[in-house]
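The sequence shown lines up with residues 655 to 826 when you count with the working numbering.
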Amino acid sequence: TTAFIQIHNPNKEYAARKVEYQLNLYDKEDVEVFAVNGEIFIYADDIMSLALPALEINTSPIARSELLLTSVNWEPKETFSKPDTDIKNISVKLEKERLVIDGDFTNRNLYNLGEVNVSALLVSDSGFFVNASKTSLDSVLPLATKHFKIFIPVSLNDKFNVLNVKLFVAAR
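Structure (structure tokens):
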């Protein structure tokens, strides 16, 4: 099971270097069947996209989800601003029962990016979630480019178009 979450920070003046989250999943009886904790960051007036692939959930279908955000430490955007990055040379190929997304990530800043996550979201032709995955890049030096690959498992029964892949970057 894969979860894909987007968190919007509408505040144009403040960012959070650390936000703790807990994702809870419930079955149709409203019994919690899965919970995962983690930590993210979010820039001012930005959307944080978070892919949580390969969650081990051995139960009936999920009826609802709940996302709790805690320990948010707000700071002025001037002290924690979004870095300048770019993704180029993207290719998407279907290989057996998975999509392979290749691309190049560029750090356009004069400082090192120690944490870079590139997430890929696949939606159906009608706009419904099909699957998602992500990759993490080790430290990306100033003005450097690194190649990445993301693998998204798919069923050949799923109705999708390889053009319906959306990429999201979270870097600091």
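Even for Gly, the Cβ is constructed at its ideal location relative to N, Cα and C.
Just checking my contact of arginine 762 with aspartate 738 at CB under 8 Å: how many whole Å lie between their CB atoms? 4 Å
Any chance you could list the beta strand (DSSP E) runs of at least 3 consecutive residues sitting entirely within the stretch 732–774, in chain order? 739–749 and 752–761
Limits of the beta strand (DSSP E) - the one that proline 807 falls within: 799–807
What would DSSP say about glutamate 729, mapped onto helix, strand or coil? strand
List the DSSP bridge partners of glycine 692. Tyr675
Does the beta-carbon of lysine 747 have 16 or more other beta-carbons within 10 angstroms, so that it is buried, or is it exposed? Answer is exposed; the Cβ neighbour count stays below 16.
Cβ shell of threonine 799 (< 6 Å), same chain only, five flanking positions each side left out: Correct list, in chain order: Asp758 and Thr760.
In chain order, what residues of the same chain lie with their CB nearer than 8 Å to the CB of asparagine 815, ignoring the 5 residues before and after it? Asp779
Straight-line gap, alanine 698 to leucine 753 (C-alpha atoms, nearest Å): Going by C-alpha positions, alanine 698 is about 32 Å away from leucine 753.
Using the C-alpha atoms, what's the distance from leucine 677 back to glutamate 732? 30 Å
Against chain B, with Cβ distances strictly below 8 Å, would tyrosine 697 count as a contact? Absent from the structure is chain B; it holds one protein chain and no more.
Note the first and the last residue of the continuous beta strand (DSSP E) segment covering phenylalanine 822. 814–825
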